[in-house]
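Structure record follows, encoded as structure tokens.
Residue numbers (the numbering used here): 572 to 717.
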């Protein structure tokens, strides 16, 4: 990533699946219907990168995703949001980190999470050259992995 950036966002990148609110938590062994389940990008580094790109800044992301359908979709959506993904590394062994967000009306959200490829990201991918190419380095999500 030798391109000059306003901000490099390093950290966790997640594929989120978010359901529309359920009327109540379903009992075990039953099927709960929802109006929609949406796939979105999540994770501190990815979220900040997309938001900064919306503000017109030149942004890159450094993180790790699996070499799977979620990883490819996350990368495609980041690129479509004008985020430089040259620092987004594909893991050949771990799945893309993913979270299912369960919403129940009147209650706080519940999260079912797979750490996946984020467990392999240690920040060593962010070189001194990469840091020098960015005006700002944002680091997000490392403490959330434990």
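A virtual CB, placed ideally from N, CA and C, is assigned to each residue, including glycine. Please read these numbers as outputs of a predicted model, since none were measured by experiment.
Problem set entry | CA nearest to the CA of residue 652, picked from 635, 631, 662 | Closest by alpha carbon: 631.
Exercise. Based on Cα-Cα distance, which residue from 619, 672, 603, 696 lies nearest to residue 683?
Worked result: For residue 683, the closest alpha carbon among the candidates 619, 672, 603, 696 is that of 672.
Problem set entry | When 620, 696, 612 are compared against residue 667, the one with the closest alpha-carbon | Answer by Cα proximity: 612.
Exercise. What is the DSSP secondary structure of residue 701, reduced to helix, strand or coil?
Worked result: Annotated three-state conformation of residue 701 is helix, per DSSP.
Exercise. Per DSSP, what kind of secondary structure is residue 649 in: helix, strand or coil?
Worked result: In the structure shown, residue 649 falls within a helical segment according to DSSP collapsed to helix, strand and coil.
Problem set entry | residue 659 and residue 640 closer than 8 Å at C-beta | The answer is no: Cβ separation not under 8 Å.
Problem set entry | Inter-residue spacing [alpha-carbon to alpha-carbon] between residue 628 and residue 617 | Rounded to whole angstroms, residue 628 to residue 617 spans 14 Å at the Cα level.
For this session: Count the other C-beta atoms from every protein chain shown that fall within 10 angstroms of the C-beta of residue 626, then say buried if there are 16 or more, exposed otherwise.
Result: Exposed is the call here.
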